[in-house]
Amino acid sequence: MSRNMDGDIQNIKKWIVFYPIYINSKKTIAEGRRINVSKACENPTYAEIYDCCSHLKLPCAIESEKSYPRDFMQRGRVRVQLKREDGSLYNPAISSRKQLMLHVAELVPRHPGRTKKQEPASASTAGPSKSGKGGKKKR
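Sequential numbering of the sequence shown, starting at 3, is according to the numbering used here.
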């Protein structure tokens, strides 16, 4: 089920867990966001986070069957390894979980799949807000 860069899954349980909700600007701190809203990105997916971690040259693996404990509808997470067995860092720019979140949140909006989706998404966000207001008037 999980996919990883190197193909080996020996100590994957020791790797850090990265849920998309950690860097989602649409969520509150209470709902699970872990970085500042101004630095967070809008609705990241676990696939985008995986691609960003791969881009940062970090060993990572997708666990698509796992869900976030506070919101079981949020499916998927990424396991990331920051340090080698000897304790040296894979990427010297990223030494902590928090730095990883900030780097990934910066990269996700520039993700190739996201730049294509951006135009239709902005048109569709205007539509539901109007229908949402109409729904409140009917009640």
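Here a beta-carbon is modelled for each residue, glycine too, at the ideal position from N, C-alpha and C.
Find the nearest neighbour of residue i within the set the options, judged by alpha-carbon distance.
i: N26; options: I18, G115 and M103; result: M103
i: P111; options: S97, E50 and I31; result: E50
i: G78; options: Q101, Y21 and K15; result: Y21
i: C62; options: V19, G115, L109 and R116; result: V19
i: K15; options: V80, F74, N93 and R116; result: V80
i: D73; options: R116, I37 and E33; result: E33
Which value, in whole angstroms, describes the spacing of the CA atoms of residue i and residue j?
i: V82; j: C55; result: 8 Å
i: D53; j: E65; result: 14 Å
i: A95; j: V106; result: 12 Å
i: K28; j: T47; result: 13 Å
i: K41; j: R99; result: 15 Å
i: H113; j: R35; result: 20 Å
i: C43; j: I31; result: 14 Å
i: S69; j: D88; result: 31 Å
i: K85; j: E67; result: 25 Å
i: P71; j: Y24; result: 12 Å
i: S97; j: L60; result: 11 Å
i: E108; j: N45; result: 13 Å
i: W17; j: N93; result: 15 Å
Are there 16 or more other CB atoms within 10 angstroms of the CB of residue i, so buried, or fewer, so exposed?
i: Q76; result: buried
i: V39; result: exposed
i: Q120; result: Its pLDDT being 48, under 50, Q120 is placed unreliably by the model, and nothing is read from it.
i: L91; result: exposed
i: S126; result: The pLDDT assigned to S126 is 45, lower than 50, so where the model puts this residue is not dependable, and the model offers no usable value.
i: H57; result: exposed
By the DSSP assignment, the beta strand (DSSP E) with residue i in it spans what residues?
i: Y92; result: Per DSSP, Y92 belongs to no beta strand (DSSP E) and is neither H nor E.
i: Q101; result: Premise fails: Q101 lies in the alpha helix (DSSP H), R99 to L109, not in any beta strand (DSSP E).
i: Q83; result: Segment: none, Q83 is in no beta strand (DSSP E) and carries neither H nor E.
i: K16; result: Where K16 is concerned, there is no enclosing beta strand (DSSP E), given that its DSSP letter is neither H nor E.
In the DSSP assignment, find the unbroken alpha helix (DSSP H) run with residue i in it and report its ends.
i: A49; result: Y48 to H57
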